[in-house]
Amino acid sequence: MSAITRDEVAHLARLSRLALADEELDHFAAQLDQIVAAVARVAEVAADDIPPSSHALPLTNVFRPDEVRPSLTPEQALSGAPAVEDDRFRVPRILGEEA
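Okay, so the sequence shown: first residue is 1 according to full-length UniProt numbering, each after it adds one.
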């Protein structure tokens, strides 16, 4: 029995604003079911004596000091832009946002 149903995939598609065909719902339900099963297998292996980690080896960020270096002037940076407004790139509004 599949853990993920067509109805759940359709619901996720609606929330994601994706238009899926009927055959895609079945296809994605099977794929999502495989993903859930794989995650369940990993959960079975996890032991209480092993601390959670995101990487096999410890990582350390190395930051360089901030240094002022020569760069483009605003005019040079905006010279190739199709539209400029108030020394900034002008881009179309998205999502009907108000100013």
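For each residue, glycine too, the CB sits at the ideal point set by N, CA and C.
Supposed close pair residue i, residue j - CB separation, criterion 8 angstroms
i	j	result
Ile-4	Ala-29	5 angstroms
Leu-95	Asp-87	Between Asp-87 and Leu-95 the Cβ distance is about 24 angstroms, and since that is not below 8 angstroms, they are no contact.
Beta-carbon spacing of residue i, residue j below 8 angstroms
i	j	result
Leu-25	Arg-41	no
Length of the line joining the Cα atoms of residue i and residue j
i	j	result
Ala-47	Ser-53	12 angstroms
Pro-74	Thr-60	35 angstroms
Pro-51	Gln-76	51 angstroms
Phe-89	Pro-82	8 angstroms
Glu-85	Pro-92	12 angstroms
Gly-80	Ser-71	16 angstroms
Asp-66	Pro-58	25 angstroms
His-55	Asp-49	17 angstroms
Arg-69	Phe-63	17 angstroms
Val-45	His-27	28 angstroms
Ala-19	Ala-13	7 angstroms
Minimum C-alpha distance to residue i - residue among the options
i	options	result
Glu-23	Ile-35, Val-9, Arg-14	Val-9
Residue range of the alpha helix (DSSP H) that includes residue i
i	result
Leu-12	6 to 15
His-27	22 to 45
Glu-67	Premise fails: Glu-67 is in no alpha helix (DSSP H) and is neither H nor E.
Ala-77	74 to 78
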